[in-house]
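Undergrad: Quick one: structure below, then a few questions.
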Amino acid sequence: MTEADNARLVDAARKARGHAYSPYSGVKIGAAVLTADGRVYTGANVENVSYGLSCCAERTAIFKAVSEGADRILALAVVGKSEQFTRPCGACRQVMVEFNPEMAVMMRGVDGFSADATARSLLPAAFKPPELSKK
Ligand code: ZN
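Sequential numbering from 246 applies to the sequence shown in this note's numbering.
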């Protein structure tokens with residue numbers, strides 16, 4: 246990925262943040278994923294009055310990409326207010342690993358926070374499909 250690809254993805258995540266549905270927490274998160282064929286899918290956090298039904302921006306973007314036929318996800322950008330709201334939760338990390346352990350993950354805060362990682366580095370002991378066959 247080029248710096249231009251990275252900048253485009255972070256910008257898409259920043260714009261997606263504006264679509265967050267977060268009337269309960271007020272927290273707004275945006276995410277964007279880049280697929281191997283060059284397409285970008287975005288997502289925002291979507292809350293529900295039954296809190297457990299809420300979905301993070303990262304999973305929203307990944308599920309959109311996969312459900313629309315995306316092949317391989319190369320990178321994900323997530324933008325939040327600050328570090329506290331920008332590092333992906335455990336559920337999102339597991340979903341990232343499912344679709345590409347080497348997925349580049351760019352975390353950016355509106356306050357200037359910036360960190361880069363891979364899905365594998367964020368969840369080194371992820372639950373993996375081969376573990377399902379060990380009955
Ligand atoms: Zn999450």
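Note that CB positions come from ideal geometry on N, CA and C, so glycine has one too. Treat the numbers as computed from the prediction; the structure is a model and nothing was measured.
Give the list of continuous beta strand (DSSP E) stretches no shorter than 3 residues that lie fully inside the stretch 280-354.
TA: Within the stretch 280-354, the complete beta strand (DSSP E) runs of at least 3 residues are 285-289, 318-325, 349-354.
Undergrad: If you measure from the CB of A371, is any heavy atom of the ligand ZN nearer than 7 Å?
TA: No.
Undergrad: Is R304 close to the ligand ZN? I mean its beta-carbon at under 7 Å from any heavy atom of the ligand.
TA: Result yes, Cβ under 7 Å from the ligand ZN.
Undergrad: Spatial neighbours of A281 within its chain, please: CB distance less than 7 Å, with the 5 preceding and 5 following residues excluded, ordered by chain position.
TA: Result list for A281: D316, R317, L319, in chain order.
Undergrad: Where does S378 fall in DSSP's three states?
TA: The answer is helix: DSSP assigns S378 an H, G or I state.
Undergrad: Three or more C-beta pairs under 8 Å: does that hold for the stretch 322-333 against the stretch 307-314?
TA: The stretch 322-333 is not in contact with the stretch 307-314.
Undergrad: To the nearest angstrom, report how far apart D250 and T287 are at their CA atoms.
TA: Straight-line Cα distance between these residues: approximately 14 Å.
Undergrad: Compute the Euclidean distance between the alpha carbons of L368 and A362, then round it to the nearest angstrom.
TA: Roughly 10 Å between the two C-alpha positions.
Undergrad: Between the beta-carbon of T331 and the beta-carbon of R304, is there less than 8 Å?
TA: Not in contact: T331 and R304 (Cβ atoms no closer than 8 Å).
Undergrad: According to the neighbour-count rule (16 or more other Cβ atoms, all chains shown, within 10 Å of its Cβ), is R207 buried or exposed?
TA: Given a span of 246 to 380 for the chain in the structure shown, any question on residue 207 remains unanswerable.
Undergrad: Nearest CA to the CA of R259: which residue from G275, R365, E292?
TA: Nearest of G275, R365, E292 to R259, Cα basis: G275.
Undergrad: Does the ligand ZN have even one heavy atom less than 7 Å from the beta-carbon of A276?
TA: The answer is no for A276.
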